[in-house]
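One structure below.
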Amino acid sequence: MSADAKTASGQFSTAAVDGRAGEIHNIGYRRYDGGRLGRVQIVRALMWHSLRGAYGFGRGAKAKIFPMLLFALMCLPAAVNAVALANNPSGGAIVSYDGYVPSLRAIVMLIFVALQAPNLVSADLRNHTLPLYFARPIGRNDYPIAKLAAFVLACLAIVEIPLLLLYLGNVTQQHGASEVWAQTRQLGSGLLYGAAWAVLLASIGLLLASLTGRRVFAICAVGIPLFFSYILANALTHIGQVAYGPAGLGQPSTLSSLAGLISPFTLLGGLLHWLQGSPATTGQFRPNDLQRVIIGTYGPWYGLVFVLLLLATVGGLIARYRKVGVA
Amino acid sequence: MITQPSTPAEAQQPQLAQGAVIEARGLTKRYGTTVTALDQLSVAVGPGITGLIGANGAGKSTLIKILLGLLAPTSGQAAVLGHDCVSGGFAIRTLSGYMPEHDCLPPDVTATEFVTHLGRMSGLPATAAKERAADSLRHVGLYEERYRQIGTYSTGMKQRVKLAQALVGDPRLLLLDEPTNGLDPAGRTAMLDLIARIGSEFGISILVASHLLGEIEQICDNLVAIDNGRLLRADSISSVTQASAVLLIEVDEGTELLLAELSRRGLAPVAYQRGLLVQLADEQTYDIVRDSVADLGLPLGRMEQRRHRIEELFRQDPAAAASSVPGPTTGAASVS
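These protein sequence lines map, in sequence, to chains Z and D. At position 122 of the first sequence the residue is numbered 122 (this note's numbering), and the sequence of numbers has no breaks. At position 242 of the second sequence the residue is numbered 1242 (this note's numbering), and the sequence of numbers has no breaks.
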């Protein structure tokens, strides 16, 4: 009998717990009658979510270390310029908008793109989360487009915000509207050129990162080609100058002029020289010409390759997500 | 939307029925020239919980992908909630929630963050997404755990998160692909109870794909069985199993006494596990059992209606299945 009583009390207590839990949590199902976002707004929400992810927001403190460190590094020339200008106002700016320490920018962007592009795309590939996105009211291309827009914005932030700081530092030392206007115009072209960096590097980085779901492999897939192409382009430029010398009077060799097309960083450098018509056409650098990309008479090639590479990488990214399994 | 017939040829084709949740007509999907995933599948599914039964590779997942508008059929047409699957994919995906068969969860995110984000992706504004994510996770039985990273969850909890993300956008229809995959028996029962509750209390229609026929029987109103991309049978559970109901009776003590008493009163009880099975002829059977138990003064522990296992109904033609011995009885016979 005691065993029976125990069972009975045990059953009773279980039932009581269940009943209470039911009372608390059984709130019933609530319908959602409010407005729903359209396709464009959903894509914007995904873009914003990814943009935050690119800087480690919404994740642990560890995820923010590298993007913040790289961002600070990129701002350093602007800070140095501001200090130098404050101490010696007559000396003029030591950092230009277009040529914002290209070698630093190349290294910082290489690391930023290699580390952060995988954060945007490889987790969804690795965890097979994509079918959940595709089963929602967005189109097949919307996912890669949102990711690309997010990463372009992330790259724009790290490229352009230092330029704005540089501008602030310069403008405080200017006198008169004409000088400020001159600064603003230079800033404008600098921002435009910075946008070329952001767009190209973001699309290359995302395409390479989307090839694999493993984060470590994705970092290598982005970092290794970017790094070695940069080394190779610089080496070939140098070899071209030493081995072949100038092709004619004031004209660098073909090898030196075309070597810059190999790496996105030298491609962007060559693009600037072509647009500006700067001394890189001759290969005769002044000591303060930081972007040592020789383009010779092949300037238009740099413009053409830039456009083709951009189209190929964006197209490749969209094609990549057309192939990926639905479920 | 279903377009009105404009040519005589189209008019000859029967229109997709109004009011059906899912409607397929002559649906065919071929991969390349050799693989036929769906072959002239025509079926109409009404509201309620519908089981989609078939072996692995029978075409269940392909059908779900077509219904979501993610895959274009080779020929034929399909509609979900009145929207054509080819032209109305956006509308369908707004109105339906999808739970995939395989793992699809990031381990390094909390369930709340994940479901909230997917709520946004379903078109909910930020605040609504947060509220509905909390609601959905509570409905599937995740409370404080929802603030933990999904990587720390058990398989059963992960399945619940997958269900919650399908539920977050307040769908009219849930498409669940093998929701009990990888769960232990207790987890299966809990998941099936949950699906049954969503179907009955939340008023959401559910298509649940499974290769385990016995499971589906417990929770479905209707059944669609496919094999090699072809329709085997589509009917309501009750009409499929009507002729074969049995009653399971369990008493805490005196099972032998009851067996003798029921035999005396004209039923043919069979011992089954700890209880007795009798054929359920009509309402009178209940009365006989009640009176027998009451007269003997036995503590009645359980009395429930059981059906044929659905495997048998599909293994043979319906007439033969109806006349065969119920599954549990044969099981007991081999034991005793």
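Here a beta-carbon is modelled for each residue, glycine too, at the ideal position from N, C-alpha and C.
Counting only the same chain and skipping the five closest in sequence on each side, list residues whose C-beta sits under 7 Å from that of residue 1215 of chain D. If you number the second sequence from 1, residue 1215 of chain D lands on position 215. So the list reads 1180, 1188, 1192, once near-sequence residues are dropped.
Requested in this report: Just confirm the distance between the C-beta atoms of residue 1149 of chain D and residue 1112 of chain D, as a whole number of angstroms; I'd bet it's less than 8 Å.
Outcome: Counting from 1 along the second sequence, the entry for residue 1149 of chain D is found at position 149. Counting from 1 along the second sequence, the entry for residue 1112 of chain D is found at position 112. Wrong, their Cβ atoms sit about 10 Å apart, outside the cutoff.
Notebook entry, point to check: Does DSSP classify residue 128 of chain Z as helix, strand or coil?
Noted result: As a position in the first sequence, residue 128 of chain Z is number 128, starting the count at 1. In the structure shown, residue 128 of chain Z falls within a coil segment according to DSSP collapsed to helix, strand and coil.
- Just checking my contact of residue 97 of chain Z with residue 187 of chain Z at CB under 8 Å: how many whole Å lie between their CB atoms? As a first step, residue 97 of chain Z is located in the first sequence; it is residue number 97 there, counting from the start. As a first step, residue 187 of chain Z is located in the first sequence; it is residue number 187 there, counting from the start. The C-beta separation of residue 97 of chain Z from residue 187 of chain Z comes to about 6 Å, placing the pair in contact by the 8 Å criterion.
Nearest by alpha-carbon distance to residue 129 of chain Z: which of D/1271, D/1208, D/1048, D/1103 is it?
As a working note, residue 129 of chain Z is residue 129 in the first sequence. Of the listed residues, the one whose Cα sits closest to residue 129 of chain Z is D/1103.
Exercise. Which same chain residues, not among the five before or five after residue 1275 of chain D, have their C-beta less than 6 Å away from its C-beta?
Worked result: Residue 1275 of chain D sits at position 275 when you count from the first residue of the second sequence. Counting only Cβ-Cβ distances below 6 Å, and skipping sequence neighbours, we find 1248, 1249, 1250.
Worksheet item: How many angstroms separate the CA atom of residue 1094 of chain D from the CA atom of residue 30 of chain Z?
Response: Walking along the second sequence from the start, residue 1094 of chain D turns up at place 94. Walking along the first sequence from the start, residue 30 of chain Z turns up at place 30. Those two C-alpha atoms are separated by around 17 Å.
Q.
Buried or exposed, going by whether 16 or more other CB atoms sit within 10 Å of the CB of residue 1265 of chain D?
A. On the second sequence, residue 1265 of chain D is found 265 positions in, with the first residue counted as 1. When all chains shown are included, residue 1265 of chain D counts as exposed.
Q) Who are residue 1222 of chain D's beta bridge partners in DSSP? A) For the purposes of this step, residue 1222 of chain D is identified with residue 222 of the second sequence, where counting begins at 1. As a beta-bridge residue in DSSP terms, residue 1222 of chain D pairs with D/1050, D/1236.
- Answer with buried or exposed for residue 314 of chain Z, where buried requires no fewer than 16 other C-beta atoms within 10 angstroms of its C-beta. Working through the first sequence from its first residue, we reach residue 314 of chain Z at position 314. Classification of residue 314 of chain Z: buried, given that the 10 Å Cβ count is 16 or more.
- prompt: What residue range is occupied by the uninterrupted alpha helix (DSSP H) comprising residue 1161 of chain D?
  reply: Position 161 of the second sequence, counted from the first residue, corresponds to residue 1161 of chain D. Counting along the chain, the alpha helix (DSSP H) containing residue 1161 of chain D begins and ends at 1155 to 1167.
query = Of all Cβ atoms in chain D, is any one closer than 8 Å to the Cβ of residue 144 of chain Z?
reply = For the purposes of this step, residue 144 of chain Z is identified with residue 144 of the first sequence, where counting begins at 1. Contact of residue 144 of chain Z with chain D is not assigned, every C-beta pair being separated by 8 Å or more.
ask   = If you run the structure through DSSP and keep just helix, strand and coil, what is residue 1102 of chain D?
value = Walking along the second sequence from the start, residue 1102 of chain D turns up at place 102. Coil.
query = Does residue 1368 of chain D have its Cβ less than 8 Å from a Cβ in chain Z?
reply = This structure gives no information on residue 1368 of chain D, because the portion of chain D shown stretches from 1001 to 1336.
(message) So for residue 1077 of chain D, helix, strand or coil by DSSP?
(response) Here residue 1077 of chain D corresponds to residue number 77 of the second sequence, with the count starting at 1. Strand at residue 1077 of chain D.
Straight-line Cα distance separating residue 1277 of chain D from residue 1254 of chain D:
Mapped onto the second sequence, residue 1254 of chain D falls at position 254. Mapped onto the second sequence, residue 1277 of chain D falls at position 277. Note on geometry: alpha-carbon atoms of residue 1254 of chain D and residue 1277 of chain D lie some 15 Å from one another.
Restricting to Cα atoms, I'd like to know which of Z/99, Z/172, Z/218 is closest to residue 270 of chain Z. Locating residue 270 of chain Z in the first sequence gives position 270, counting from the first residue. Looking at Z/99, Z/172, Z/218, the one whose alpha-carbon comes closest to that of residue 270 of chain Z is Z/99.
Original post:
Should residue 116 of chain Z be labelled buried (16 or more other beta-carbon atoms within 10 Å of its own) or exposed?
Top reply: As a first step, residue 116 of chain Z is located in the first sequence; it is residue number 116 there, counting from the start. Looking at its Cβ environment, which holds 16 or more other Cβ atoms inside 10 Å, residue 116 of chain Z is buried.
With a threshold of 8 Å between beta-carbons, can residue 134 of chain Z be considered close to chain D, or not?
Here residue 134 of chain Z refers to the residue found at position 134 of the first sequence. Judged by the 8 Å Cβ criterion, residue 134 of chain Z is in contact with chain D.
Inset, instruction - Taking C-beta pairs closer than 7 Å, name the residues in chain D that residue 128 of chain Z reaches, listed in chain order. - result: Along the first sequence, one-based indexing puts residue 128 of chain Z at 128. Neighbours of residue 128 of chain Z in chain D, taken as residues at a C-beta separation under 7 Å, are given in chain order as 1102, 1103, 1104.
Could you tell me the alpha carbon to alpha carbon distance between residue 266 of chain Z and residue 236 of chain Z, rounded to whole angstroms?
Taking the first residue of the first sequence as position 1, residue 266 of chain Z is located at position 266. Taking the first residue of the first sequence as position 1, residue 236 of chain Z is located at position 236. Approximately 12 Å, taken between the alpha carbons.
Using DSSP's beta-bridge definition, name the partner residues of residue 330 of chain Z.
Because chain Z in this structure spans residues 1 to 327, residue 330 of chain Z falls outside the shown range and cannot be described.
Practice problem: Indicate whether at least one CB of chain D lies closer than 8 Å to the CB of residue 137 of chain Z. | Solution: Taking the first residue of the first sequence as position 1, residue 137 of chain Z is located at position 137. At least one CB of chain D lies nearer than 8 Å to the CB of residue 137 of chain Z.
Open item on the list: Quick check: is the beta carbon of residue 1098 of chain D nearer than 8 Å to any beta carbon in chain Z?
Closed with: Within the second sequence, residue 1098 of chain D is the residue found at index 98, counting from 1. Yes, its Cβ sits closer than 8 Å to a Cβ of chain Z.
Residues of chain D with CB under 9 Å from residue 42 of chain Z, in chain order? Translated into positions along the first sequence, residue 42 of chain Z becomes position 42. Result: 1120, 1121, 1122, 1123.
Check each candidate in D/1046, D/1038, D/1049 and name the one with the smallest Cα separation from residue 1066 of chain D.
By one-based count along the second sequence, residue 1066 of chain D stands at place 66. Looking at the Cα atoms, D/1038 is the closest of the given residues.
- Compare the Cα-Cα distances from residue 324 of chain Z to each of Z/298, Z/143, Z/203 and report the closest residue. The residue you call residue 324 of chain Z lines up with position 324 of the first sequence. The residue with the shortest Cα to Cα distance from residue 324 of chain Z is Z/143.
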